[in-house]
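Reminder that position 179 of the sequence shown reads as 180 in the working numbering, one-by-one numbering, no gaps. All C-beta atoms in this analysis are idealised placements derived from N, C-alpha and C, irrespective of residue type, glycine included. Computed from a predicted structure; not experimentally measured.
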Amino acid sequence: TIVITGTNFGSTVASIYVSYGPSSNTNMYAAKECTISVAHTEVRCTSVEGYGTQMSFALTVLRQTSISTPPNFGYGVPLITSITGPQLLNTQGGDTLIVVGSNFGRKRSTSSPQNGAGGGVVISNVGSFALLERDDIALFYGQTTGYENRAVICNVIEHHIKMSCTTAVGVGINHKFRVAAGKQISSASSSPNTFSYKAPVLFSVTGPGSVEASTVGGQEVFITGDQLGPTEMGVDPTIAIPIKVTYGRDG
């Protein structure tokens with residue numbers, strides 16, 4: 002329920018129209034079931050489905066429209082209830098995660114800008130949403146803040162409550178997840194399921210430094226395997242992937 006108070010609303014039988022939306026389109030939504038509950042001073046309406054924040058309201062009575070309110074209103078922030086999918090993710094990406102929660106908005110799909118495609122800043126370590134548009138739906142994840150990486154594509158598959166996302170290349174264990182919808186970001190996930198990228202698997206070690214190597218060192222060693230991770234991950238800013246190789250009599 003939306004309650005609006007003010008003056009000059011007219012009698013309880015007056016025809017009234019209430020619209021709201023972001024500054025780019027304050028008529029984006031039209032509230033329904035609006036009635037003047039207190040003559041001249043109070044209106045009650047029911048909100049319609051939507052998403053987003055920083056919205057203003059305007060009220061129209063007999064073709065006279067009020068000045069819009071400050072943009073202090075909005076829909077609820079997304080909330081993650083559960084995440085399901087393979088708990089060991091491929092470092093090359095491509096796994097599907099199903100995210101259940103609330104306030105995701107209606108069915109739609111968003112692909113993340115890819116590195117080298119001129120996407121610019123998508124999200125920084127301090128939470129900037131410079132190029133996340135209002136209609137975008139996104140899943141971020143990472144080990145520390147939950148902002149370090151972003152799924153390559155997300156689809157809301159059930160209005161408001163369920164989305165499917167495809168993981169990006171990455172590494173690391175025990176990732177936290179956040180959903181972005183309507184330029185609002187959820188808290189880090191509290192799902193009982195933990196998600197990590199798979200551990201590296203070594204197939205072969207070759208090169209001059211692998212057999213009868215010089216005690217002086219400095220010789221190359223070539224390692225092949227699987228789940229070795231990408232050279233970098235994340236979307237503007239990208240994060241270089243540190244690699245550590247150890248060796249000895251016991252590995």
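Check                                                                                                 : Outcome
Alpha-carbon spacing of Glu43 relative to Thr27, whole angstroms                                      : 21 Å
Residues that Glu233 bridges to, as DSSP identifies them                                              : Ala241
Burial state of Ile81 (16 or more Cβ within 10 Å)                                                     : buried
Cross-strand partners of Ala31 (DSSP beta bridge)                                                     : Ser20
For Glu43, the residue or residues it bridges with in DSSP                                            : Thr6 and Val39
Nearest candidate by alpha-carbon position, reference Gly173, set Phe74, Phe105 and Gln88             : Gln88
Cβ neighbours of Ser38 in the same chain (closer than 6 Å, five flanking residues each side left out) : Arg45
8 Å CB neighbourhood of Ser67 in its chain, flanking five on each side removed                        : Gly7, Ala59, Leu60 and Thr61
Meets three-Cβ-pair contact criterion under 8 Å: the segment 146-161 and the segment 69-83            : no
Gly77 burial status per 10 Å Cβ neighbour count (16 or more: buried)                                  : exposed
CB-CB length for Gly210 against Val222, believed under 8 Å                                            : 4 Å
Limits of the beta strand (DSSP E) - the one that Ser188 falls within                                 : Note, Ser188: premise wrong, no beta strand (DSSP E); not H, not E.
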